[in-house]
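Everything below concerns the one structure shown next.
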Amino acid sequence: MAAAPSRQTRKRVRLDIAAIALAPLGLLLILYAQQLEGVPVSALLQLPAALIVFGGTLGAVLVSHSLAEVGKGIGAAAQTFTAVEDDSETLSATILSLAIRAHRRGMAAVESELDTITEPFLKEGLTLVVDDTPLDMLRENLKAATELQQLEDESPARIFDAAAGYSPTLGILGAVLGLIRVMQNLAAPGALGGGIAVAFVATIYGVGFANLVLLPLAARLRERAALDARRREMMIHGICAIQQRLHPRLVTQKLRPFSSKVPRIEDVVARMARTAPQGAKVPA
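First residue of the sequence shown? That's 1222 in the working numbering, and the numbers climb one at a time after it.
Written as structure tokens, this is what we have:
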């Protein structure tokens, strides 16, 4: 049985108000700078330039990625503006309680707790442990699973990176098209302004869209993927330590590089004692 990659079960429903409020800050500062220079915001509103840059970027992305992938990427980007609850303390406490049971009672004690574990990756890894999987194979399977999951988690970021590469180029394309219009109307001075506006505004749209929207979203997506990967890495160390039946204090030392919220063994034992059925003996 191999540990298959699985999505995290943590709920991401609370909005990250700070991120939402600060997201348009760069654009607002640019518009304010325009106002200080006496240039009206309406001068930046050019429909032809918008169609060239935004429409062209969307078309290029849809050619290089499927519609389903693009939709998934947009949904993932929206999720980056929700707050993720840090459950590292609860997760590490669960791992330590299992390590205590395994160290004192053996793997049978871990097997009896499998049905109570709600984290899929941890449950799958411990199932391998209970099945007496050799340590090297266990670590290899878990590493492969988390690497595959990380690739999947980072796929939306790659879509936005691709879009950020297309957008400035299409801005240059819009500038060239605007200049062509200018050259075609040199004999008609009244038509020059529109062509020049499209030329410069298209470049602004392309560079601004890439650097103010697309690249920041890609960075946020990669940050979320990295946090999830770090969380899984902590579980891998904990699962392998349980398989080796290491002393719980050594397990604590293995978990602490991944989180500052790893509880003390004494606190975990006390929590186990509070939740244990009356008369049950807590392994300490």
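All residues carry an ideal CB built from backbone N, CA and C; glycine is no exception.
From a predicted model like this one, the values you see are computed outputs, not experimental measurements.
Less than 6 Å between C-beta atoms, sequence neighbours within five positions excluded: which residues of the same chain meet that for residue i?
i: residue 1348; result: none
i: residue 1439; result: 1378, 1381, 1382
i: residue 1232; result: Confidence in residue 1232 is poor, its pLDDT being 47 and thus under 50, which makes the residue's placement unreliable; the coordinate value appears in the next sentence. Cβ neighbours of residue 1232 beyond the five flanking positions: none.
i: residue 1430; result: 1388
Between residue i and residue j, what straight-line distance do the alpha-carbon atoms span, to the nearest angstrom?
i: residue 1436; j: residue 1297; result: 14 Å
i: residue 1482; j: residue 1392; result: 47 Å
i: residue 1237; j: residue 1403; result: 46 Å
i: residue 1460; j: residue 1250; result: 49 Å
i: residue 1315; j: residue 1332; result: 14 Å
i: residue 1390; j: residue 1454; result: 39 Å
i: residue 1277; j: residue 1330; result: 59 Å
i: residue 1254; j: residue 1306; result: 37 Å
i: residue 1288; j: residue 1376; result: 13 Å
i: residue 1426; j: residue 1367; result: 38 Å
i: residue 1432; j: residue 1424; result: 12 Å
i: residue 1336; j: residue 1458; result: 21 Å
i: residue 1466; j: residue 1365; result: 23 Å
i: residue 1480; j: residue 1313; result: 9 Å
i: residue 1259; j: residue 1441; result: 34 Å
i: residue 1451; j: residue 1363; result: 13 Å
i: residue 1300; j: residue 1434; result: 15 Å
Assuming contact is defined by CB atoms lying nearer than 7 Å, are residue i and residue j in contact in what I supplied?
i: residue 1449; j: residue 1374; result: yes
i: residue 1418; j: residue 1256; result: no
i: residue 1274; j: residue 1395; result: yes
Looking at the structure shown, is residue i part of a helix, part of a strand, or coil, going by DSSP?
i: residue 1467; result: coil
i: residue 1360; result: helix
i: residue 1485; result: coil
i: residue 1244; result: coil
i: residue 1249; result: helix
i: residue 1268; result: helix
i: residue 1507; result: The first residue shown for the chain is 1222 and the last is 1505, placing residue 1507 beyond what the model contains.
i: residue 1236; result: strand
i: residue 1382; result: helix
i: residue 1472; result: helix
i: residue 1310; result: helix
i: residue 1286; result: coil
i: residue 1407; result: coil
i: residue 1492; result: helix
Measuring only between beta-carbons, confirm whether residue i sits less than 7 Å from chain D.
i: residue 1431; result: You won't find chain D in this structure, because it holds only one protein chain.
Note down, in chain order, each residue of its chain lying with its Cβ closer than 8 Å to the Cβ of residue i, except the 5 sequence neighbours on either side.
i: residue 1286; result: 1294, 1380, 1383
i: residue 1322; result: 1330, 1331, 1334, 1504
i: residue 1282; result: 1291, 1380, 1383, 1384, 1387
i: residue 1471; result: 1462
i: residue 1227; result: With a pLDDT of 42 at residue 1227, under the threshold of 50, the modelled position of that residue is not reliable, and no figure is offered here.
Take residue i and list the residues in its own chain whose beta-carbon comes closer than 7 Å to its own, dropping the five residues that flank it on each side.
i: residue 1318; result: 1489, 1493
i: residue 1302; result: 1236, 1237, 1240, 1241
i: residue 1464; result: 1350, 1356, 1359
Could you name each continuous alpha helix (DSSP H) segment of 4 residues or more that falls completely within the stretch 1320 to 1379, going from the start of the chain to the end? 1328 to 1332, 1341 to 1351
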